[in-house]
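To start, the structure itself, in structure tokens.
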Amino acid sequence: MLSKYHWWRDAVIYQVYVRSFLDSTGDGIGDLAGVRTGLPYLKKLGVDGIWLSPFYPSPQHDHGYDVADYRGVDPVFGDLAEFDLLMTAARRLGIKVLLDIVPNHCSSEHPWFAEALAAGPGSPARARFHFADGRGPGGDEPPNNWHAMFGGPAWTRVTEADGRPGQWYLHMFTPEQPDWNWRNPEIPAEFDRVLRFWLDRGVDGFRIDVAAGLYKHPDLPDSDDPEADARTRDSVNPLAWNQPEVHEVWRHWRSVCEEYTARDGRERLLVGEVSVPTAREHARYVRPDELHQAFFFDLLGAPWQADAFRKVVSEAMQDIAGTGSTVTWVLNNHDQVRTVTRYGEPAPEGSGLGAARARAAALLMLALPGAAYIYQGEELGLPEVVDLPDDVLTDPIFRRTGSRARVRDGCRVPLPWSGQASPFGFTSGVESARPWLPQPDYFAEYATDRALADTRSFWHLYRDGLQLRSALPQLGEGTLRWLDSPPDVLAFARGDDLVCAVNFGTAPAPAPVSGAPLLSSGPCPPGVLPGSTAAWWISDGTAL
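Numbering (the numbering used here), first residue to last: 1 to 544.
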């Protein structure tokens, strides 16, 4: 029978970037067996579930987000038998498992795309994608002026079977990632089969890549602002993103999940990567019959200012929570600069300001109503690796633009687990085995074994916050009420007696509650909230 408790509404999910989590084979690349080995660590941390980055067969032009087979496991990560072992181990530990699904585009090595290239113009095989004739003399110009998210035009011309230049195909990311044509009924039918394949293997849900994409304007007209995507790397082209038809996809996927839930009472979750301009538009994706959750990226993008954070949280609570869903908070992921580095700029290196702010932000996020997602390594306080040599960079953004700006490899460097030198326990291979991205020497300071032994570490802050979040009924799902506070301080109440406050300034401020806090991100004497510090208190109600 279906429980009235919806586990996902206040769940804390840990994002596992599989190739950088833990390597079990010694090839320098993390794998599913490594994830299985690391599950007790995650159970001890206290998360409710994990989200696995793509592990499907892929040529790895975008590290798995170019999928060649949606129903398999790339040999570099293991096989289906290993996946089943991982599912069994996670179930035994009570850890939910979400898969990353990529419905907007596939790999240029997907069998259907190979078929489309061979079949030629006007064929049913090409109708699965966006093929179009070029403009200008000889069709030498792209069909429209759209730009790809990772640099360059959004169109690539193919060579036809007779050797002559032919049609163009659309790819909103890279040429190795052709976009599916969701107006072709074969595509939604195929993804229906993909969902059921993995649901039948026991997964608890899906993180949906580019959830505001899928449908393009049927006429593929020119954009009024063709440079927008190239400038921001955000989904801002209204002709290629956030088309109204996409909501029908999520209604159907929700019905598939509910079909499985009705069988065994185990709720399956859909969480979308939704990049839209406003919280109000975001809210449309989490209406009761669509996605259960959608990442709220505005918190991640907010500057370190009390007013900015208050505005972002207020809009989310009003527009998203107003749909009946809960807000899905996130401070980092595999596409973003790590919080320690992001919050430290432009402070001098070695000031510790970025680490203090990142610790405070973690407590703030865990105190907010709704769900929270933690990117691997954030619980260790890992900084961004900003000095990777050009010759090791693998991000297609670097290959497409020649610029290091916005390159994502720095947050994807493999985790340090133990020891004083690379590979820091990440790989179990011979001593000469090298992780797929080089780990800096200073990663020794952040290794998991050291973090677990030091009660002042980021890891213990996250673990203690997660334990209190589970134990205190005021936290998790519920309401939030703002409290009066000094200009640089953000304070709010959860329930009748729990208070969270964050000092965004650098000077100490009066604490909103007398006495020692339950938990704080740094030293916090009674009655004082130091700068760049967050804390939780239980109040007697007099200050509320």
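Using N, Cα and C, we set each Cβ at its ideal position, and we do this for glycine too. A quick note: this is a predicted structure, and the numbers were derived from the prediction, not measured.
(request) For A447, count neighbouring Cβ atoms within 10 angstroms of its own Cβ and tell me buried if that reaches 16, exposed if not. (result) buried
(message) Counting beta carbon pairs with one atom in the region 385-405 and one in the region 365-377, are three or more of them shorter than 8 Å?
(response) no
(message) Taking the straight line between their C-alpha atoms, what separation do you get for D395 and P526?
(response) 47 Å
(message) Please state whether the Cβ-Cβ distance between W250 and Y285 is less than 8 Å.
(response) yes
(message) Give me, in chain order, the residues of the same chain whose beta-carbon lies closer than 7 Å to that of L85; leave out the 5 immediate sequence neighbours on both sides.
(response) R36
(request) Identify which residue in D390, S418, W417 and G419 has its Cα closest to the Cα of D409. (result) D390
(request) Compute the distance between the beta-carbons of P414 and L437, then report whether it is under 8 Å. (result) yes
(request) Report all residues from its chain with a CB closer than 7 Å to the CB of W253; omit the five preceding and five following residues, and keep chain order. (result) L195 and L270
(message) Tell me whether the region 114-124 and the region 66-84 touch, counting them as touching only if at least three CB pairs, one residue from each stretch, are closer than 8 Å.
(response) no
(message) As an exercise, report each continuous beta strand (DSSP E) stretch of at least 3 residues that is fully enclosed by the region 25-63, in chain order.
(response) 49-52
(request) Identify every residue that forms a DSSP beta bridge with E141. (result) In DSSP, E141 forms a bridge with R135.
(message) Between which residues of its own chain and L239 is the CB-CB distance below 7 Å, once the five residues before and five after are set aside?
(response) K216, H217, P221 and S223
(request) Using three-state DSSP, classify P328 as helix, strand or coil. (result) First, the residue type needs correcting, since residue 328 is Thr and not Pro in the sequence shown. Correct three-state label for T328: strand.
(message) Counting beta carbon pairs with one atom in the region 182-200 and one in the region 120-136, are three or more of them shorter than 8 Å?
(response) yes
(request) Could you round the C-beta distance between A534 and V513 to whole angstroms and report it? I think they count as a contact, below 8 Å. (result) That belief does not hold up - the Cβ atoms of A534 and V513 are roughly 13 Å apart, past 8 Å.
(request) My understanding is that P57 touches D74, with C-beta atoms under 8 Å, so please give their C-beta distance in whole angstroms. (result) 5 Å
(message) Please state the DSSP three-state secondary structure of V312.
(response) helix
(message) Buried or exposed, going by whether 16 or more other CB atoms sit within 10 Å of the CB of S351?
(response) exposed
(message) Check for me: the beta strand (DSSP E) holding Q167 runs from which residue to which?
(response) Annotation: the continuous beta strand (DSSP E) that includes Q167 extends over P165 to L170.
(message) Please report the straight-line C-alpha distance between G465 and A367, rounded to a whole angstrom.
(response) 9 Å
(message) Tell me the rounded alpha-carbon separation between R128 and Q167.
(response) 14 Å
(request) To the nearest angstrom, report how far apart L480 and R434 are at their CA atoms. (result) 47 Å
(message) Can you tell me where the alpha helix (DSSP H) holding R469 begins and where it ends?
(response) F458 to A471
(message) Measuring straight from C-alpha to C-alpha, what distance separates S539 and W482?
(response) 15 Å
(message) Per DSSP, what are the beta-bridge partners of L80 in this structure?
(response) The partner list for L80 (beta bridge, DSSP) is empty, contrary to what the question assumes.
(request) Compute the Euclidean distance between the alpha carbons of G425 and S418, then round it to the nearest angstrom. (result) 5 Å
(request) Could you tell me which of E248, D140 and P423 sits nearest to Y442, measuring between CA atoms? (result) P423
(request) Compute the beta-carbon to beta-carbon distance between P383 and T341, rounded to the nearest angstrom, for a pair I have assumed lies under 8 Å. (result) 5 Å
(message) Buried or exposed, going by whether 16 or more other CB atoms sit within 10 Å of the CB of Q439?
(response) buried
(request) For my contact list, N104 and D209 are in at a C-beta cut-off of 8 Å; report their separation, rounded to the angstrom. (result) 7 Å
(request) Assess, as a yes-or-no matter, whether the region 130-140 is touched by the region 167-177 under the definition of 3 or more beta carbon pairs within less than 8 Å. (result) yes
(request) Check whether the Cβ atoms of T323 and R266 sit closer than 8 Å, and answer yes or no. (result) no
(message) Among the candidates V489, A493 and L518, whose CA atom is the shortest distance from the CA of L529?
(response) V489
(message) As a quick exercise: from A360, R412 and F309, pick the residue whose alpha carbon is nearest that of Q336.
(response) Comparing Cα-Cα distances from Q336 to each of A360, R412 and F309, the minimum goes to R412.
(request) Hey, could you find the ends of the beta strand (DSSP E) F296 is sitting in? (result) Q293 to F296
(request) Specify the secondary structure class of H110 as computed by DSSP and reduced to three states. (result) coil
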